[in-house]
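Asks: Questions regarding the structure given below will be posed in turn.
Right, dumping it as structure tokens:
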């Protein structure tokens, strides 16, 4: 994440963002106009080596790499995530259902033989689970693609669950659920999730009592129900020709049932429209030496006109959190700003400190309010852009990262082609768009503090005199 360590000048009630080395080159830009500026994207198009086709009702996206590339990545995306889990079914079921078949191997093959073959091929079959989707990933080298593909499709088409792996996975899940409370930092993040998404599809969390009743049959039935053509699509990146891939898909995933899956709309969280403060002592009691704070706020979703401006703004927020809270006042070692984009997105400020009230006053007054009031100059936006883009695209050099970017774009925007829009979109960002993003989203915080409640003055955290606190039931049943 880029650190933009800029100095701030206040003049006549307005603020300007200046980069010290470039200060003489910058023309200050006045306070924000209320007029919304249109976003203009200069889009040069997707690369010509990407093909999309349908095999027996299953969508396939293939990026054929050059002959020198020896790595292949195949990702079968499953739409839905938490929103698709039926009522009455714990998220623990989906989590375990995705984990176990890749650990156990396909039907007709022992677990030991399956793992020996995977090791010999230097291949991996890895599940993933997110709020909006799940994914099954194959990683392999080109010369072993045929054998690796057979294992990959076998795990999906002919799943089985090894009893030992089943018990081990349940135990690991129980440990993970308990660890949410073992450290104040993890507890603060759990409370932030619970409060911000209270009553929302994202607000469903696995609980310890959910795990014991889960059976192997329950997991296999759920696993098979996820893989239907109306819900999945395949993305492959590697030196594979389309005709060969078409034949492989037809003889494997082409036999999946069509299904009747319809994506459910994910609404904004109800609690994102108001300021909320939640203060808790460390889980289990005791006095906290350090307070852990998470201040969460609504963010634009992928595909929104302010998605890219908010992405860029977050790097400025992170830089100024570091400067104002750490460098200038030494209130925290590692303050940060981060963002999680999805079908219901959020950003958050995070900090650990012994002085939470003072830290919030600085974060709110000298970081949040600053970006709500100023329009950042175009020169400041361009400053550091090359480094930011280089870092971003360095992460997209692998076959797997490219497959992931195309799949994410397909899921969230309806077209894999938008994966190749980022460079043009980032370069086209205007100062007024970043200010609009700040004014629209940097407000109505859900603030969670895990520390010593007696040391918190709640009046510091009110956005208005009417703001409430401690009004959300965060028990597992709530």
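Residue numbers (the working numbering): 1092 to 1569.
Just so you know, even glycine gets a beta-carbon here, dropped at the ideal spot from N, CA and C.
Fair warning: this is a prediction, and the values are worked out from it, not measured in the lab.
Mind reading off the beta-carbon distance from residue 1397 to residue 1533? Whole number of angstroms is fine, and I expect it under 8 angstroms.
Replies: Actually they are not in contact, since the Cβ atoms of residue 1397 and residue 1533 sit about 12 angstroms apart, beyond 8 angstroms.
Asks: Does DSSP put residue 1436 in a helix, in a strand, or in coil?
Replies: strand
Asks: Please report how far the alpha carbon of residue 1190 lies from the alpha carbon of residue 1227, in whole angstroms.
Replies: 10 angstroms
Asks: From residue 1179 to residue 1295, what distance separates their C-alpha atoms?
Replies: 11 angstroms
Asks: Using C-beta distances below 7 angstroms, list every residue in its chain close to residue 1147, excluding the 5 sequence neighbours before and after it, in chain order.
Replies: Sequence-distant Cβ neighbours of residue 1147 in its own chain, meaning closer than 7 angstroms and more than five residues away, are 1341 and 1345.
Asks: Relative to the C-alpha of residue 1551, which residue among 1238, 1446, 1461 and 1394 is closest?
Replies: 1446
Asks: Assign residue 1495 to buried or exposed, taking buried as 16 or more other Cβ atoms, counted over all protein chains shown, within 10 Å of its Cβ.
Replies: buried
Asks: In three-state terms, what does DSSP make of residue 1201?
Replies: coil
Asks: At a cut of 8 angstroms, does the stretch 1320-1333 reach the stretch 1141-1161 through at least three beta carbon pairs?
Replies: yes
Asks: Give me whichever residues DSSP pairs with residue 1215 in a beta bridge.
Replies: 1230
Asks: By Cβ distance below 6 angstroms, which residues in the same chain neighbour residue 1276 in space, the five residues on each side in sequence not counted?
Replies: 1383
Asks: Please classify residue 1428: does DSSP put it in a helix, a strand, or coil?
Replies: strand
Asks: Restricting to Cα atoms, I'd like to know which of 1204, 1143, 1268 and 1232 is closest to residue 1186.
Replies: 1268
Asks: Can you tell me where the alpha helix (DSSP H) with residue 1152 in it begins and where it stops?
Replies: Residue 1152 -> not in any alpha helix (DSSP H); beta strand (DSSP E) instead, spanning 1149-1155.
Asks: Judging by CA-CA distance, which residue of 1325, 1377 and 1321 is the nearest neighbour of residue 1353?
Replies: 1321
Asks: Determine the DSSP secondary structure at residue 1508, reduced to helix, strand or coil.
Replies: helix
Asks: So residue 1308 is in the alpha helix (DSSP H); what residue range does that whole segment cover?
Replies: 1307-1317
Asks: Relative to the alpha-carbon of residue 1467, which residue among 1333, 1530 and 1370 has its alpha-carbon at the smallest distance?
Replies: Measuring from the Cα of residue 1467, the nearest candidate turns out to be 1530.
Asks: From the DSSP secondary-structure annotation, give me the bridge partner or partners of residue 1167.
Replies: 1227 and 1325
Asks: Can you tell me where the alpha helix (DSSP H) with residue 1260 in it begins and where it stops?
Replies: In the DSSP assignment, residue 1260 falls within the alpha helix (DSSP H) that extends over 1254-1273.
Asks: Within 10 Å of its beta-carbon, does residue 1553 have 16 or more other beta-carbons around it, so buried, or fewer, so exposed?
Replies: By the 16-neighbour rule on beta-carbons within 10 angstroms, residue 1553 is exposed.
Asks: So what does residue 1390 bridge to, in DSSP terms?
Replies: 1436
Asks: Could you round the C-beta distance between residue 1391 and residue 1520 to whole angstroms and report it? I think they count as a contact, below 8 angstroms.
Replies: No, residue 1391 and residue 1520 are not in contact; Cβ-Cβ is about 13 angstroms, not under 8 angstroms.
Asks: Check the DSSP bridge columns for residue 1371 and list the partner residues they point to.
Replies: 1541
Asks: Under 9 angstroms, do residue 1290 and residue 1224 count as touching if we go by C-beta distance?
Replies: no
Asks: Per DSSP, which one or two residues make a beta bridge with residue 1144?
Replies: In DSSP, residue 1144 forms a bridge with 1151.
Asks: What does DSSP give as the partner residue(s) for residue 1383 in the beta ladder?
Replies: 1443 and 1541
Asks: What does a CB cutoff of less than 7 angstroms around residue 1280 pick up in its chain, not counting 5 residues either side in sequence?
Replies: 1385
Asks: Under three-state DSSP, which class holds residue 1180?
Replies: coil
Asks: Here's the rule: buried if 16 or more other CB atoms are within 10 angstroms of the residue's CB, otherwise exposed. What is residue 1405?
Replies: With 16 or more other Cβ atoms within 10 Å, it is buried.
Asks: Should residue 1257 be labelled buried (16 or more other beta-carbon atoms within 10 Å of its own) or exposed?
Replies: Classification of residue 1257: buried, given that the 10 Å Cβ count is 16 or more.
Asks: Taking one C-beta from the stretch 1355-1375 and one from the stretch 1422-1432 each time, how about it: are there three or more such pairs within less than 8 angstroms?
Replies: The stretch 1355-1375, when compared against the stretch 1422-1432, does not touch it at the 8 angstroms Cβ threshold.
Asks: Where residue 1176 and residue 1422 are concerned, what is the direct C-alpha to C-alpha distance, given to the nearest angstrom?
Replies: 42 angstroms
Asks: Quick check: the Cα distance between residue 1523 and residue 1480, rounded to an integer number of angstroms?
Replies: 21 angstroms
Asks: From residue 1203 to residue 1460, what distance separates their C-alpha atoms?
Replies: 59 angstroms
Asks: Does the Cβ of residue 1076 have 16 or more other Cβ atoms within 10 Å, making it buried, or fewer, making it exposed?
Replies: Because the chain in this structure spans residues 1092 to 1569, residue 1076 falls outside the shown range and cannot be described.
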